[in-house]
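Undergrad: Residue numbers (this note's numbering), protein chains in the order written: chain R, -14 to 298; chain G, 7 to 475.
Quick reminder that beta carbons are idealized off the backbone N, C-alpha and C, glycines included.
Just so we're clear, the structure is a prediction, and the values are computed from it rather than from any experiment.
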Ligand SMILES: Nc1ncnc2c1ncn2[C@@H]1O[C@H](COP(=O)(O)OP(=O)(O)OP(=O)(O)O)[C@@H](O)[C@H]1O
Ligand SMILES: [Mg+2]
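1. List, in order along the chain, the chain G residues whose C-beta lies closer than 7 Å to that of residue 41(R)?
2. Quick one: is residue 86(R) near chain G, going by C-beta distance under 8 Å?
3. Taking 8 Å as the threshold (beta carbon to beta carbon), is residue 131(R) in contact with chain A?
4. Could you check whether the Cβ of residue 297(G) sits closer than 8 Å to any Cβ belonging to chain R?
5. Taking only beta carbons into account, state which residues of the stretch 52 to 74 of chain R come closer than 9 Å to chain G, listed in chain order.
6. Going by CA-CA distance only, name the one from 228(R), 62(R), 48(R), 10(R) that's closest to residue 190(R).
7. Go ahead and label residue 139(G) buried or exposed: buried means 16 or more other beta carbons lie within 10 angstroms of its beta carbon, across all protein chains shown.
8. Against chain G, with Cβ distances strictly below 8 Å, would residue 119(R) count as a contact?
9. By a C-beta neighbour count over all protein chains shown, 10 Å radius and 16 as the cutoff for buried, is residue 258(R) buried or exposed?
10. With a threshold of 8 Å on Cβ separation, who are the neighbours of residue 303(G) within its own chain once the five nearest residues in sequence on each side are excluded?
11. Which residue comes first and which comes last in the beta strand (DSSP E) that contains residue 92(G)?
12. Beta carbons nearer than 8 Å to chain G: which residues of the stretch 22 to 42 of chain R have them?
13. How would you list, in chain order, the residues of chain R whose beta-carbon sits under 8 Å from the beta-carbon of residue 13(G)?
14. Report yes or no: is there a C-beta of chain R within less than 8 Å of the C-beta of residue 469(G)?
15. Determine the direct distance from the alpha carbon of residue 399(G) to that of residue 209(G), and round the result to whole angstroms.
16. Give the single residue among 117(G), 271(G), 82(G), 227(G) whose Cα lies nearest to the Cα of residue 375(G).
17. For residue 251(G), which three-state DSSP category applies?
18. Is the beta carbon of residue 125(R) less than 8 Å from the beta carbon of residue 87(R)?
19. Mind checking if residue 293(G) is an interface residue toward chain R, Cβ cutoff 8 Å exclusive?
20. Which first and last residues belong to the alpha helix (DSSP H) in which residue 184(R) is found?
21. With H, G and I counted as helix, E and B as strand and the rest as coil, what does DSSP make of residue 297(R)?
22. With hydrogens ignored, establish whether the beta-carbon of residue 30(R) is closer than 7 Å to any heavy atom of ligand 2.
23. Tell me whether residue 70(G) sits in a helix, a strand or coil according to DSSP, three-state version.
24. First and last residue of the beta strand (DSSP E) that includes residue 131(G)?
25. Per the DSSP calculation, residue 217(R) is bridged to which residue(s)?
26. Confirm, please, whether the CB-CB distance from residue 143(G) to residue 159(G) is below 8 Å.
27. Starting from the beta carbon of residue 206(R), find every residue of chain G whose beta carbon is closer than 7 Å, and list them in chain order.
28. Please give the ranges of any beta strand (DSSP E) in the stretch 121 to 194 of chain R, keeping only runs that are unbroken, at least 3 residues long and fully inside the region.
29. Considering only DSSP beta bridges, list what residue 4(R) is partnered with.
30. Consider the C-beta atom of residue 309(R) and the heavy atoms of ligand 1; say whether any pair is separated by less than 7 Å.
31. On the three-pair Cβ rule with 8 Å, is the stretch 216 to 224 of chain R touching the stretch 14 to 32 of chain R?
32. Report the option in 416(G), 94(G), 82(G) whose CA atom is closest to the CA atom of residue 71(G).
33. According to the Cβ coordinates, are residue 49(R) and residue 64(R) closer than 8 Å?
34. In whole angstroms, what is the alpha-carbon distance linking residue 231(R) and residue 267(R)?
35. Out of 327(G), 227(G), 89(G), point me to the one whose CA is closest to residue 115(G)'s CA.
36. Could you pull out every residue in the same chain whose Cβ sits closer than 7 Å to the Cβ of residue 162(R), ignoring the five residues on either side in sequence?
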């Protein structure tokens, strides 16, 4: 892997009396899209707010593009672009005037760069309209434009697909992937949708109840969803009779007529044929054998994040 | 530095793009226009009701009525004959102007002596104060309208009596400088005559106080003399100092309008407080604060840029107000008085400033309390994120702070009230010693202001840099 653009270590945060983040640590690299995944209230926004300097860093260390945000705040922040929660910009100004505000606060943003960014997010035709007249999706796009204006090394987007239409989501996905893979930017995207992450992220960090559960590559996540066995549902006239013949197989009786049977992945078809033969010869009426659906990535995510009940803490 | 400039530019753009700022600026301009136009209308109105001094015929018929009156009271007034003779002379020569009338009145003035006869009956002996020869001389001066001759005659008379030169200064001055006494009623209000009257009356008061009078009693008279002599010697038709006290003179001119405008600065101040109180809190209520603070700029720099912008906008509004008032006054009241000076005297020493500079100085002094209260609004809104609270507290303080101090000082006699910021914001009053506190110096006032400003700004800084968004 290439260099770490964002290093977070030992992050703890208490808001009010509530200890919200517990020892969050992870790294995100240049040239990758890093998914920051967690259910509602997990602490994604809180973590992101600390990284971009909206919340105070009480305990822990954050390094952005090689600069410690405590010791070298302005240099570290110059390497970050981001959107936090809703894209609320100055409604009484046009999109371009808004971008010029941010351009003045950062170094080296030219008028050409503004045009380039506006084109990239597909707002060229509407950029000179007042932001008050924008739709949510348009404001989200303007927020992205604002975030990438100054060529940041680390781009942090909190639920950026919020409010975008399917075409917009796809466009954004392509933009983010291209920024990461072609321009070497480290893109950190938070979401609570695994399916979204699967489509654009290289690696995914999972957070639940304020603790980091782990960081996985998407390939790892997919293989985690594979259990090494194929499962089939057997429908017979009597589960009792059938199960008596299934010694040596991994099975579970679901009701009087249905049994789930697991076969090793390598020779599933062979093993299944053998069992079918056995049942039919013994006079069991075999009505149907159907493959049981595979575990999805989403289930892996839910399993990982739901150690306790489904209540938001 | 250029970075700070860009931050302030950002804040400036944000402020001026808001409709509320445009409305505030429009109000400032309207206020300025309204002030000058209303003053002009009032001036035109008051000119229409100019006091009617009457005509020569009015005076003649008045003299005639005095003659009839004297005839009717022959018995009770022993000097009736001399009176009738005087009024007849006035009628015959159609004398109405002041110096001529006064000369004749003096020439015909009489002494009445009570004479008790041997049989105990009382009679009155009436004699002229002037000799016949003197009276004839005065008559001939009056007939020839020779005021110089008459004044020289008076001067000689005073000298012969060994009088204090202060008592006949006016005659000497007019003769020496060839300034004719008022002829015709309009001349009385002529500035030169007004100055001469002031000096003359002050000198006479000095003379009556005598040489061993108290320093404090004479100082003011001496200053009055010094100022008016300066105006006479330097041909200053207008003294801006008179217009600054427009409440006393009741006169309306170019300079009174400018002086009133200084007092209306408070209204401009209210608008500045509105902007100061919402500068930070509106970012929170609009949700834009997150996109502001995400930038690679330390928070205190953003705070400073907001503060500088508020102060800058405030001064722009005050300057626009001043500019509109001045320009419109030039148009409506004319530019003839534009170069006038502000003439005052301290211990007989004359000090002059250009009138425009003085008004600008008063604007600057007037802006002090506005800036302090805007800073307070800024600090409150930084800590509480509530513009309503910030604006209410600051406006209340600006409008009633001085009153609270006055109550503490005058009604409750609490001297520590001098440490209140409100007791020190009116630097002009502190300089003039009219705040009511003994030994209240400019240095003390400035120190109190600076301490408060530092506290306000530190509070704003603390609130803003520690805020978790
Ligand atoms: N200002 C605050 N004071 C106290 N608790 C807070 C504050 N802000 C957030 N929290 C709590 O911190 C926890 C994490 O919130 P956070 O917004 O980080 O979640 P999230 O992962 O972004 O969730 P979502 O997917 O809903 O956006 C929540 O339990 C929330 O109630
Ligand atoms: Mg969130």
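TA: Let me lay it out:
1. 474
2. Judged by the 8 Å Cβ criterion, residue 86(R) is in contact with chain G.
3. Among the protein chains in the structure shown, which are R and G, there is no chain A.
4. It does: the Cβ of residue 297(G) has a partner Cβ on chain R nearer than 8 Å.
5. When CB distances to chain G are screened at a threshold of 9 Å, the residues of the stretch 52 to 74 of chain R falling below it are 58, 59, 60, 61, 62, 63, 64, 65, 66, 67, 68, 69, 70, 71, 72, 73, 74, in chain order.
6. Comparing Cα-Cα distances from residue 190(R) to each of 228(R), 62(R), 48(R), 10(R), the minimum goes to 10(R).
7. Burial call: exposed.
8. no
9. With fewer than 16 Cβ atoms within 10 Å of its Cβ, residue 258(R) is classed as exposed.
10. 9, 13
11. Run containing residue 92(G): none in the beta strand (DSSP E); it sits in the alpha helix (DSSP H), 86 to 98.
12. 34, 37, 38, 39, 40, 41
13. Within chain R, 89, 90 have C-beta atoms less than 8 Å from the C-beta of residue 13(G), given in sequence order.
14. no
15. Whole-angstrom Cα-Cα distance: 52 Å.
16. That would be 271(G), whose Cα lies nearest to the Cα of residue 375(G).
17. coil
18. no
19. yes
20. 179 to 185
21. Caution is warranted here: a pLDDT of 46 is assigned to residue 297(R), below 50, making its placement in the model unreliable, and no coordinate value can be reported.
22. In this structure, residue 30(R) has its CB closer than 7 Å to one or more heavy atoms of ligand 2.
23. helix
24. 128 to 134
25. 246(R), 276(R)
26. yes
27. Near residue 206(R) there are no residues of chain G at all, since even the closest Cβ is about 30 Å away, more than 7 Å.
28. You should have 139 to 143, 171 to 176, 188 to 193.
29. -1(R)
30. Within the shown structure, residues of chain R are numbered from -14 to 298, placing residue 309(R) beyond reach of any answer.
31. no
32. 94(G)
33. yes
34. 12 Å
35. The residue among 327(G), 227(G), 89(G) with its C-alpha nearest the C-alpha of residue 115(G) is 89(G).
36. 18, 185
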